[in-house]
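Trainee: Quick one: the structure is below, questions incoming.
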Amino acid sequence: MTVTASRGPKGALAQPPEKNGLGELRLALTRNLRTSGIYVALVALIALFALITGGASLSAGNVTNIVLQYSYILVLAIGMVIVIIAGHIDLSVGSVVALTGAISAITVIKYDLPWWVGVLAALATGLLIGAWHGFWVAYVGIPAFIVTLAGMLLFRGLTLFVLDNVSLSPFPDEYGVIASGFINGWLGGYGYDVFTLVVFALGVVGFAMSQYRSRKARMGYHQPVPPLSLFALKILAVGVLVMAFAWKLASARGLPVVLIMLAVLIMAYTVMMQHTVFGRQIYAIGGNLAAASLSGVKVRAVNFWIFVNMGLLSAVAGIVFSSRTNGAQPGAGNMFELDAIAAAFIGGAAVTGGVGKVVGAMAGGLIMAVMSNGMQLMGIDQSLQSVVKGLVLLLAVAFDIWNKRRAGAH
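In this text, residue positions in the sequence shown follow full-length UniProt numbering: the first is 1, and each later residue adds one.
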């Protein structure tokens, strides 16, 4: 259903009327079925595992562990969804995680340099690897699938060489804070951390203000908006869920340092993809490469920097993972690329490119995290867990194709 602006008595455009009732709720859910389905599935999964595990999955300790255990996958998913939006794929991120963690370990543990030098060495390695991939994809013209498949083998071999095929540990305590540290006690609290609650409350207020400005802008351009009651219900629902999550963290060990880093990355990349020229160029390349080239987009340069960015985020994930495990292992990062790709596709990215959002990839990553954690709590065998993950990914892509055909039919 489309809504058109009507003209008032003096010929001026009048504000489009707000819709009311259950019909508008159905329209809001089905207008972008791909996006709304992600969040409904996430909430349903959380409720399902809470019921099956007798509430164990929602315990404060378990919620905190999910954040710590899957943060590096979410970091990878941010970069992966950008790569997929541009119409590419990156199969090497798991190997890059292993190599950058190994470089950091060699720098800090073997050569006894400060922990921050190891972080910088890992980031520099990630940037160089990203530039390597970007050169072959953007300027030589080799498909990203082939380039990153070669990179997966190349950088796994370099990891084995750097570590001499043995694990290296432990890191100093300062390095461990990156993935396992917490901020708590700044504002007190008896049995819970007030600072954590305040930070999340400010986040909810910021989200509400952002949504209100977006709604006001749409009305200013005479675009249809849902009624105020539905808008308020959405803000209330998000606020309740976020504060419930915050309470679980506050009741455990406080605010994880890695969660702060992840939140900064999510906000920065969301702004980049939705409000910058570079972000719009990425969508343009993935949506219609020929049209993007004709409109003046420097396709080679954009593709190059997309892979440089993926290399950087892979290095960040490598630092977080090595900090979490307190060492570097030759087999680190195994299958991480598949988890990141699955998060992007489950989160609404299109197989053909041009579609996807950072927030959607985060939701997809959380679906994978909640599903893995829930099955572990239930004691399900690892082999069956892989089967379930594979089926979920297949169904997500099938849903994307069905959704496109449905939209084309209308």
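Note that CB positions come from ideal geometry on N, CA and C, so glycine has one too.
Just so it is clear, the structure is predicted and the values come from calculations on it, not from any experiment.
Under the three-state reduction of DSSP, which class applies to ILE401: helix, strand or coil?
Mentor: helix
Trainee: Using the beta-carbon count (16 or more within 10 Å), is LEU45 buried or exposed?
Mentor: That one is buried.
Trainee: Considering only the beta carbon of each residue, do GLY118 and MET310 sit closer than 8 Å?
Mentor: no
Trainee: Under the rule that 16 or more other beta-carbon atoms within 10 Å means buried, what is LEU395, buried or exposed?
Mentor: exposed
Trainee: How about GLY94 and GLY333: do their beta carbons lie closer than 8 Å?
Mentor: yes
Trainee: I think GLY353 touches GLY287, with their Cβ atoms under 8 Å apart; what is that distance to the nearest whole Å?
Mentor: 7 Å
Trainee: For LYS110, which of ARG280, VAL238, GLY348, PHE171 has the nearest alpha-carbon?
Mentor: PHE171
Trainee: When DSSP labels each residue in this structure, what does LEU127 get in the three-state scheme?
Mentor: helix
Trainee: When the Cβ atoms of the segment 99-107 are set against those of the segment 324-333, are three or more pairs found closer than 8 Å?
Mentor: yes
Trainee: Quick check: what's the CA-CA separation for VAL199 versus TRP402?
Mentor: 40 Å
Trainee: Spell out a yes or no on whether the segment 126-144 and the segment 291-303 are touching, meaning 3 or more CB-CB pairs, one atom from each, closer than 8 Å.
Mentor: yes
Trainee: Residues in its own chain within less than 7 Å of SER57 by CB, not counting five upstream and five downstream?
Mentor: PHE49, ALA50, ASN373, GLY374, LEU377
Trainee: How is ALA252 classed by DSSP in three states: helix, strand or coil?
Mentor: coil
Trainee: By DSSP, does SER6 sit in helix, in strand, or in coil?
Mentor: A caution first: SER6 carries a pLDDT of 40, below 50, which makes its placement in the model too unreliable to give a value.
Trainee: Look at the Cβ atom of GLY181, then the Cβ atom of VAL75, and state whether they are nearer than 8 Å.
Mentor: no
Trainee: Start and end of the alpha helix (DSSP H) containing ILE319?
Mentor: Following the DSSP letters along the chain, one finds ILE319 inside the alpha helix (DSSP H) bounded by residues 299-325.
Trainee: Going by C-alpha distance, which of ILE52, ILE89, GLY55, SER293 is nearest ALA344?
Mentor: ILE89
Trainee: Could you tell me which residues DSSP pairs with ALA328 in its beta bridges?
Mentor: Under DSSP, ALA328 forms a beta bridge with LEU168.
Trainee: Please name the residue or residues paired with PHE336 in a DSSP beta bridge.
Mentor: Per DSSP, PHE336 has no beta bridge partner at all.
Trainee: Can you tell me which of VAL370, THR107, MET152, ASN65 puts its alpha carbon nearest to the alpha carbon of PHE336?
Mentor: For PHE336, the nearest C-alpha among the options comes from MET152.
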